[in-house]
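Residue numbers (my numbering): 15 to 711.
For every residue, glycine included, the Cβ atom is placed at its ideal position computed from N, Cα and C.
Here the structure comes first, spelled out in structure tokens, and everything after it is commentary.
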Amino acid sequence: MSAETSVPRPRESDVDISDSALFKGLLSEAEFAFAFFDAEGRLQRVNDLFSDVVGVPAGDLAGRTPAEALAADLGQVIGHAVRAVIDNDAPVTEGRVRVRTAGGDTRHWSLSFSPVHDEAGELRAVALIGLDVTESRQTEEALRRSEERYRSLVEAQSQLVWITSPTGAVIEDAPQWRAITGQGLEEYLAGGWLEVVHPEERQQTEEAWREALRGRTMFEWNYRVRTRASGYRHFEVRAVPIIRHGRVVEWVGANTDVTPQREAEEMRGRLTDQLGAAALRTARLQGATAMLAEALTVEQVVQVIIDVGRTALAADRSAVALLDTDRAALKLINGEGIMEASGATGDEIPLSQSNVMTMAVNSRRPVFAESPESLKAQLLEAGGDEEVLAQMLATGDERAWVGLPLLAAGRALGALRFSFTRPQKISQEDGVFLEALAGQCALAVERATLFEREHRTAETLQRSLLPDRLPVVKGLVLAQRFRSGSRHVQVGGDWYDAFVLQDGRVAAVVGDVMGKGVKAAAGMGRIRNAMRALALTNPPPAAVLTGLDRVFEATEEEEQVTTLAYMVVEPVTGEGTLALAGHPPPVLVSPQGTAILCDAEPGTPLGWPTSRRQFRFVVPPGHTAVLYSDGLVENRKRGLDAGLAELCSVVTEAPPEVVSSPHMLLDFLVDRMLSGYEQDDDVTALAIHVPPATKSD
């Protein structure tokens with residue numbers, strides 16, 4: 015075993031690095047351009063790649079300066095660099111230069127110049143090495159353009175980019191963010207973007223951000239950000255984790271200012287709400303107008319106003335008062351506990367008293383009080399007593415009021431009052447709606463007042479043409495019912511009559527002159543008088559109707575239609591005769607409550623050429639015959655045949671005590687036949703009752 019412990023010397027290569035052939039081969043195979051300059055700055059040696067780059071053969075370069083051998087711009091750059099190395103004995107990196115090749119392409123080269131010294135340290139030459147960096151330059155240029163595009167896109171979209179660590183801590187500056195928020199760099203790096211999020215949204219935003227950090231999922235949120243001007247703008251944020259090798263290395267987020275979009279959405283929302291509210295107000299006004307148009311009496315108008323106040327205005331209380339100009343006071347039609355009227359006498363409120371309705375009437379303008387303070391101020395200005403007002407506001411639960419004058423052609427008719435148990439904001443649009451509503455209510459009140467006055471006059475006129483009372487005859491009980499239709503104000507054509515003939519029998523008639531007004535009333539009067547005269551002269555029904563036909567042809571117009579049912583009955587026995595002129599048949603009611611319709615030929619209305627016939631019609635003792643107009647059995651929803659069947663059915667439902675009393679029987683029939691139907695015509699009924707025979711008889 016050898017004791018030699020020295021490390022063996024490495025084998026020496028047999029390559030001689032000073033071999034000129036090896037050096038020449040190295041230069042020719044190298045992928046970089048190479049050139050040697052002497053201490054005077056003249057080219058001594060170049061490789062083929064350098065010759066190709068500068069576009070000058072190697073033989074033409076030797077012994078010449080760069081300025082002499084190369085293109086002006088390239089020769090100037092290389093010459094200055096070589097001179098700088100020689101003068102300073104230090105390397106020079108020229109950076110990058112562009113060189114156009116023989117084929118017209120542009121190549122980018124990176125040049126470096128180094129001093130070459132001999133063994134004594136003297137500068138003997140300058141070496142140039144050039145690397146083609148065209149591809150890397152193109153890559154850098156593409157990257158630069160990509161960054162510029164990205165930056166332009168971000169700026170165009172008002173996006174603010176920020177970066178955080180994997181834990182969510184801010185690690186890089188975001189100048190655009192700070193420019194908007196006014197944060198300093200230290201403040202931004204310390205607190206980050208969360209510090210300028212609106213306080214109301216900060217906690218939820220932070221929780222959502224922490225949840226995204228834990229789950230390594232995309233963070234999408236929106237919030238308001240405090241700006242440099244101390245206002246707030248709406249931002250949408252999106253942040254994504256950058257994951258490498260399964261680990262989050264950072265988070266990149268972008269905030270987009272969406273304030274214009276949000277404001278536009280809010281504006282659209284407000285406009286939509288306003289349009290919806292306007293449409294609702296219009297619909298409510300149309301509904302109120304339709305209901306008011308159907309209301310004929312003041313009572314009906316007041317009920318519509320109350321209903322509209324509750325539904326359309328959500329008012330807790332409504333009141334209507336009409337003006338009594340003679341007494342200079344408002345008369346409450348419906349008060350619903352008006353606190354301001356507590357000092358008034360009964361239902362009258364003097365115009366001198368200060369309250370919502372009197373102010374509206376006196377000023378001819380609406381009164382809006384959105385709070386107790388507003389009401390108190392207005393009432394005090396109108397001359398109200400402060401102590402009374404204070405007590406009223408303290409004891410009442412109302413907190414907002416509306417007073418509307420009812421004006422017709424500038425003339426005050428009265429006032430409306432709506433009140434609320436909560437403060438009520440009344441917008442300009444609400445005010446317009448309320449004034450329009452008051453205008454419709456005023457028209458309805460004026461129309462209803464006129465209707466009631468004319469209706470009373472018409473009823474008085476019509477009743478004056480009917481008998482004051484029915485005759486009292488032993489062995490016979492007569493009863494009548496007349497109910498004027500509520501859908502018109504003119505006098506109608508229904509009539510009835512009963513009178514004793516010379517032979518002791520009783521004539522009974524119910525007639526109907528079609529139409530309304532004075533013309534119908536006049537025709538009714540002529541026919542009634544003519545019938546009395548004919549019956550007293552020649553009482554048989556057929557003869558009376560024949561005579562009426564002649565009278566009708568002489569006095570009435572052809573288009574006039576008149577019908578009647580006429581009978582003559584013997585007291586005690588009930589023996590009688592009947593004739594019909596296009597009129598509904600009488601109904602005979604037995605003591606047991608059965609109903610039998612007379613099957614006599616209905617005939618034709620008066621004035622139509624026909625041979626009049628009469629029929630035997632007996633009302634046995636205990637029975638009741640009922641003559642009636644078509645208003646009892648016929649209306650818009652019920653035809654004549656159905657009405658006649660229903661009349662017989664109703665008779666069977668009458669209690670015994672009703673059947674035995676003609677007065678009660680007529681009340682029962684009229685009430686039951688009109689129940690559930692809107693009366694649109696006069697209703698006339700005449701009962702002829704023959705009492706049952708007694709032992710004394």
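Remark: three or more beta-carbon pairs, one from each stretch, lie closer than 8 Å, so the segment 569-583 and the segment 612-623 are flagged as touching.
Taking C-beta atoms under 8 Å as the contact rule, V640 and A701 qualify, at a distance of about 5 Å. Contact between A462 and A333 fails: their C-beta atoms lie close to 17 Å from each other, not under 8 Å. Per DSSP, the beta bridge partners of T591 are V582, R630. Using a Cβ distance threshold of 8 Å, R431 and G410 do not count as a contacting pair.
Close CB contacts of K488 within its chain, under the 7 Å cut and outside five residues either way in sequence, are with P585 (chain order). With a cut-off of 8 Å on Cβ pairs, the segment 681-701 is in contact with the segment 508-523, counting three or more such pairs.
L457 and T587 have their C-alpha atoms roughly 58 Å apart. Shortest Cα-Cα distance from F48 to any of S65, E54, G55, G424 involves S65.
Exclusion of the five residues before and after R110 leaves H122, S124 as the residues of its chain whose Cβ lies within less than 6 Å of its Cβ.
In this structure A614 is in contact with L592, their Cβ atoms being roughly 6 Å apart against a cut-off of 8 Å. Within the DSSP bridge table, the entry for Q173 names T270 as partners.
Between D655 and P598 a beta carbon distance of about 10 Å is seen, past the 8 Å cut, so the two are scored as non-contacting.
The alpha-carbon of A134 is positioned some 48 Å away from that of A156. Taking 8 Å as the cut-off, the beta carbon of V704 is found closer than this to the beta carbon of H637.
R224 and S179 have their C-alpha atoms some 13 Å from each other.
Shown here, I610 sits in a strand according to DSSP, grouped into three states.
The segment 616-693 is shown to contain whole alpha helix (DSSP H) runs of 4 or more residues at 654-666, 670-673, 676-688, in chain order. Excluding five sequence positions before and after G590, the CB atoms of its chain that fall closer than 7 Å to its own CB belong to M581, V582, V583, E584, F631, V632, V633, given in chain order.
For M528 and G445, the gap between their C-alpha atoms comes out near 48 Å.
Fewer than three beta-carbon pairs drawn from the segment 181-199 and the segment 272-284 are found closer than 8 Å, and the two stretches are therefore not classed as touching.
Annotated three-state conformation of S433 is strand, per DSSP. Judged by DSSP secondary structure, E250 falls outside any alpha helix (DSSP H) and instead within the beta strand (DSSP E) spanning 246-258.
For V514, there is no enclosing alpha helix (DSSP H); the enclosing beta strand (DSSP E) covers residues 508-514. A distance of 8 Å or more separates the beta carbons of V254 and W235. Linking L346 to V272 through their CA atoms gives a straight-line distance of about 58 Å.
For T409, the uninterrupted alpha helix (DSSP H) run begins and ends at 400-409, by DSSP. Under DSSP, the beta-bridge partners assigned to H131 are L137. Under DSSP, the beta-bridge partners assigned to F382 are V416. Contact annotation: the segment 425-439 touches the segment 373-380, with at least three C-beta pairs closer than 8 Å. K345 sits in a strand when the DSSP states are folded into three classes. Counting every other CB atom within 10 Å of its CB across the protein chains shown gives V486 a total below 16, marking it as exposed. With fewer than 16 other CB atoms across the displayed protein chains lying within 10 angstroms of its CB, H259 is exposed.
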